[in-house]
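2 protein chains.
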Amino acid sequence: MRGVVMYGPGDVRVEERDDPRIELPTDAVIRLAATCVCGSDLWSYRGIESPQWPVPMGHEYCGVVEQVGKAVTTVRPGQFVVGSFFASDNTCEICQAGYQSGCLHRESACPGGAQAQLMRVPLADGTVVATPGMPEPDLIPSLLAASDVLGTGWFAAVAAEAGPGKTVAVVGDGAVGLLGVMAAKQLGAERIIAMSRHSDRQALAREFGATDIVTERGDEGVERIKDLTGGYGAHSVLECVGTPEAMQQAIRSTRRGGHVGYVGVPHDVQLDGIDMFFSHVHLHGGPAPVRSYLPHLIELIWNRTINPGRVFDLHLPLEQAAEAYQAMDQRRAIKVLLRP
Amino acid sequence: MRGVVMYGPGDVRVEERDDPRIELPTDAVIRLAATCVCGSDLWSYRGIESPQWPVPMGHEYCGVVEQVGKAVTTVRPGQFVVGSFFASDNTCEICQAGYQSGCLHRESACPGGAQAQLMRVPLADGTVVATPGMPEPDLIPSLLAASDVLGTGWFAAVAAEAGPGKTVAVVGDGAVGLLGVMAAKQLGAERIIAMSRHSDRQALAREFGATDIVTERGDEGVERIKDLTGGYGAHSVLECVGTPEAMQQAIRSTRRGGHVGYVGVPHDVQLDGIDMFFSHVHLHGGPAPVRSYLPHLIELIWNRTINPGRVFDLHLPLEQAAEAYQAMDQRRAIKVLLRP
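Chains as they are written, first to last, in my numbering: chain A, 16 to 355; chain B, 16 to 355.
Written out as structure tokens, the structure reads:
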């Protein structure tokens, strides 16, 4: 099969690789209908993270089950499935509490990479969810989005306790931030402030439910949020970037007693205890428990209530993965879908 | 009147000071029935904090209203009241959400110090709560405890979402930690693990509702908590110290998806973003909104459901404040009540 491997910063190649196969009775092998490049893939692409090169890439996936191990009971070959980027048993106390991405037995759901034609998923029963049938092709981008960016934006909104009567601010206008806007809207938030300085992303944020746009950042951004909220700050703030600046902006834009949901993987973020203490905010985040939300997200997509696939503003064949990374790195695309 | 003033580390004096008087129409002046030394007073006593010396000390109080300003409507002279250490208007959106210690107009409730015979409380209507009548003398220590340490332990338990079915661990065996145990018990926690290595404090923790005692600290303490909770960690952990070690112990003792409530004023605490992210815990804390809990706490004390005054294991006349500080500094006493 063909698969994407990164050999170093900026060096993305599509290669012939061995087909994955069932290794454990709890595995499934999936033929991908679509996969994509994640904002977090850019950390290594830009040399900010240095994994052990070369690295098979990708952790977002949906497609048709090709084969399952003997212990798999909830999905069968021929079914279309969406899965989360962490494999989970979905039975331990952590999973049962809705934190499958913190499962006692969690592991990568895509050990061989999801930017490929085929992939092996461990702990298939606890990790992937079948759709009600074979999806119309136009639903595939949205189902793919559910695998990570929608699920992650959703977790940010849940962690920030977005809901009726709440004013929500979203820091970050990447795919996760934009889908955080969508999640806040679906969760019933009264007012949603998207922080963005790019007109195309502002437009998508409005389409997804943003009621206000704030273009300022840093101190000025915080002041704007305060101005818009009677001096108090937002009830709920979603941090969807992972930089120290974004985290500070999120915490400082939140009213005392309010909630910050953070899902950007932190890079060089240090939080000062005394600042946190007097900020009086609730802080919660981490890798999103996508598996927990998948049944509901699939339903919303299947019923065409939401269209999160809109974040894929560039679709390319898998063979053009290098161009996909470049387009995202240069911010020419919000998120690139790859057709295997 | 007589009042306690700290002139430098270890230098506590009781002096003749001007009687406080009504300065603003929202003020009240209270004749103290009891006051006490707080664990946080020891930070400056030990020279770890350096305020502008000399400093009038104390922020825990209960007593009889002597005089009120013209705008005060909820309490009147002759009533016995308990108040919180932050003055609050109790009307802004932050107060209405139960975060009076984050009030938009918050200020110190004891600008002249509460370790004195008399004190002025600003924003009296939003800060103090009258008891149903004049308390029996034996209730006074418990009412005094409600002013800070009980309210703070209560907030830690609420912030950590202690409740039915939950296993709660408490880091810190000072008065706040011990009353955090009491709060967890009152909130219905199933199992309460007190972390303490002092037999007198262990005994009080058990009296307040602890079901288990863990004497280990650091890595070993975390392992013990994991052992006691099926490898998962506690659902709810109360951090009642404020040191980096205590905060780490609290976060690492919490299961993924669980809650840390932190109320120890942080000293040199830095939280690493990536550790926080993968810990998957909820983190919430800050100065306790004691005013929010006072009506309920007063009721529990008045009905003799709880006896938080038990944390005062030494009672001294105000004139012996220096000895009170020394006893707490040397851990000869958990908490010292001062009789003005």
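C-beta atoms are modelled at their ideal positions from N, C-alpha and C, and glycine is treated no differently. The model shown is predicted, which means the values in this text are computed figures rather than measured ones.
Determine, for residue i, whether the minimum Cβ-Cβ distance to residues of chain B falls below 9 Å.
{"i": "ASP34(A)", "result": "no"}
{"i": "VAL296(A)", "result": "yes"}
{"i": "HIS120(A)", "result": "no"}
{"i": "ASP283(A)", "result": "yes"}
{"i": "PRO259(A)", "result": "yes"}
{"i": "ASP287(A)", "result": "yes"}
{"i": "PRO179(A)", "result": "no"}
{"i": "GLY117(A)", "result": "yes"}
Compare the beta carbon distance of residue i and residue j with 9 Å and say whether it is the shorter of the two.
{"i": "ASP227(A)", "j": "ARG206(A)", "result": "yes"}
{"i": "PRO137(A)", "j": "LYS85(A)", "result": "no"}
{"i": "MET291(B)", "j": "LEU309(A)", "result": "no"}
{"i": "SER268(A)", "j": "ILE289(A)", "result": "no"}
{"i": "GLN201(A)", "j": "ARG232(A)", "result": "no"}
{"i": "GLY166(B)", "j": "ALA303(B)", "result": "yes"}
{"i": "VAL83(A)", "j": "VAL44(A)", "result": "yes"}
{"i": "VAL256(B)", "j": "TRP58(B)", "result": "no"}
{"i": "VAL252(B)", "j": "VAL185(B)", "result": "yes"}
{"i": "ILE313(B)", "j": "LEU158(B)", "result": "yes"}
{"i": "GLY78(A)", "j": "ALA49(A)", "result": "yes"}
{"i": "GLY203(A)", "j": "GLY178(A)", "result": "yes"}
{"i": "MET343(A)", "j": "GLY54(A)", "result": "yes"}
{"i": "HIS120(B)", "j": "GLY117(A)", "result": "no"}
{"i": "ALA190(A)", "j": "ILE208(A)", "result": "no"}
{"i": "GLY168(A)", "j": "VAL196(A)", "result": "yes"}
For residue i, which of helix, strand or coil comes out of DSSP?
{"i": "THR50(A)", "result": "strand"}
{"i": "TYR247(A)", "result": "coil"}
{"i": "PRO332(A)", "result": "strand"}
{"i": "GLU151(B)", "result": "coil"}
{"i": "ILE208(A)", "result": "strand"}
{"i": "HIS74(B)", "result": "coil"}
{"i": "ILE63(B)", "result": "coil"}
{"i": "MET134(B)", "result": "strand"}
{"i": "ILE321(B)", "result": "coil"}
{"i": "GLY166(B)", "result": "helix"}
Would you mind working out which of the options sits nearest residue i, comparing C-alpha positions?
{"i": "GLY246(A)", "options": "GLU260(A), GLY192(A), THR182(A) and ARG36(A)", "result": "THR182(A)"}
{"i": "ARG32(A)", "options": "LEU333(A), ASP42(A) and VAL20(A)", "result": "VAL20(A)"}
{"i": "GLY18(A)", "options": "GLY73(A), SER99(A) and SER59(A)", "result": "GLY73(A)"}
{"i": "PHE293(A)", "options": "VAL144(B), GLY301(B) and ILE109(B)", "result": "GLY301(B)"}
{"i": "HIS311(B)", "options": "MET16(B), CYS77(B), ALA198(B) and ALA43(B)", "result": "ALA198(B)"}
{"i": "HIS213(B)", "options": "SER55(B), PRO66(B) and THR230(B)", "result": "THR230(B)"}
{"i": "PRO71(A)", "options": "VAL79(A), GLY78(A) and VAL52(A)", "result": "VAL52(A)"}
{"i": "ILE316(A)", "options": "PRO69(A), PRO150(A) and VAL186(A)", "result": "PRO150(A)"}
{"i": "ALA129(B)", "options": "CYS110(B), ILE109(B) and PHE101(B)", "result": "PHE101(B)"}
{"i": "ILE349(B)", "options": "ILE313(B), VAL80(B) and HIS330(B)", "result": "HIS330(B)"}
{"i": "ALA124(B)", "options": "ASP42(B), ALA209(B), VAL326(B) and TYR22(B)", "result": "ASP42(B)"}
{"i": "GLY192(A)", "options": "LEU119(A), GLY178(A), ARG221(A) and GLY148(A)", "result": "ARG221(A)"}
{"i": "VAL90(B)", "options": "SER116(B), TYR76(B) and ALA139(B)", "result": "ALA139(B)"}
{"i": "TYR22(A)", "options": "GLY224(A), SER65(A), ALA112(A) and GLY324(A)", "result": "SER65(A)"}
{"i": "VAL29(A)", "options": "VAL351(A), GLN345(A) and LEU333(A)", "result": "LEU333(A)"}
{"i": "VAL27(B)", "options": "GLN335(B), ARG347(B), PRO355(B) and GLN345(B)", "result": "GLN335(B)"}
{"i": "VAL80(B)", "options": "ARG135(B), ASP34(B) and GLN217(B)", "result": "ARG135(B)"}
{"i": "GLU254(A)", "options": "PRO24(A), ILE37(A), VAL164(A) and ILE266(A)", "result": "ILE266(A)"}
Round the Cβ separation of residue i and residue j to the nearest angstrom and send it over; I've been treating them as touching at under 8 Å.
{"i": "LEU47(A)", "j": "LEU133(A)", "result": "7 Å"}
{"i": "GLY276(B)", "j": "ALA160(B)", "result": "About 18 Å; that fails the 8 Å criterion."}
{"i": "ALA131(B)", "j": "VAL278(B)", "result": "About 25 Å separates the two Cβ atoms, so there is no contact after all."}
{"i": "PRO259(A)", "j": "ASP234(A)", "result": "PRO259(A) to ASP234(A), Cβ: 14 Å. No contact."}
{"i": "GLY273(A)", "j": "HIS299(A)", "result": "In fact, because the Cβ distance is near 12 Å, the residues do not count as touching under 8 Å."}
{"i": "SER99(A)", "j": "ARG306(A)", "result": "4 Å"}
{"i": "GLY141(B)", "j": "THR88(B)", "result": "11 Å between Cβ atoms; not a contact."}
{"i": "PRO69(B)", "j": "PHE327(B)", "result": "With a Cβ gap of about 26 Å, PRO69(B) and PHE327(B) do not count as contacting."}
{"i": "ALA436(B)", "j": "LEU353(B)", "result": "In the structure as shown, chain B begins at 16 and stops at 355. Residue 436(B) is therefore absent and cannot be evaluated."}
{"i": "SER162(A)", "j": "GLU75(A)", "result": "4 Å"}
{"i": "GLN115(B)", "j": "SER103(B)", "result": "4 Å"}
Are the C-beta atoms of residue i and some chain A residue less than 9 Å apart?
{"i": "HIS74(B)", "result": "no"}
{"i": "LEU312(B)", "result": "no"}
{"i": "GLY187(B)", "result": "no"}
{"i": "VAL143(B)", "result": "no"}
{"i": "ARG267(B)", "result": "no"}
{"i": "ALA1(B)", "result": "Any property of residue 1(B) remains undetermined from this structure, which presents chain B solely from 16 to 355."}
{"i": "TYR340(B)", "result": "no"}
{"i": "MET291(B)", "result": "yes"}
{"i": "GLU108(B)", "result": "yes"}
Within the present structure, is the beta-carbon of residue i separated from the nearest heavy atom of the ligand SAH by less than 8 Å?
{"i": "SER116(B)", "result": "Inclusion of the ligand SAH in the displayed structure is not the case, the ligand content being empty and no account of it being possible."}
Residues in the stretch 52-85 of chain B having any Cβ partner in chain E nearer than 8 Å: Among the protein chains of the structure shown, namely A and B, there is no chain E.
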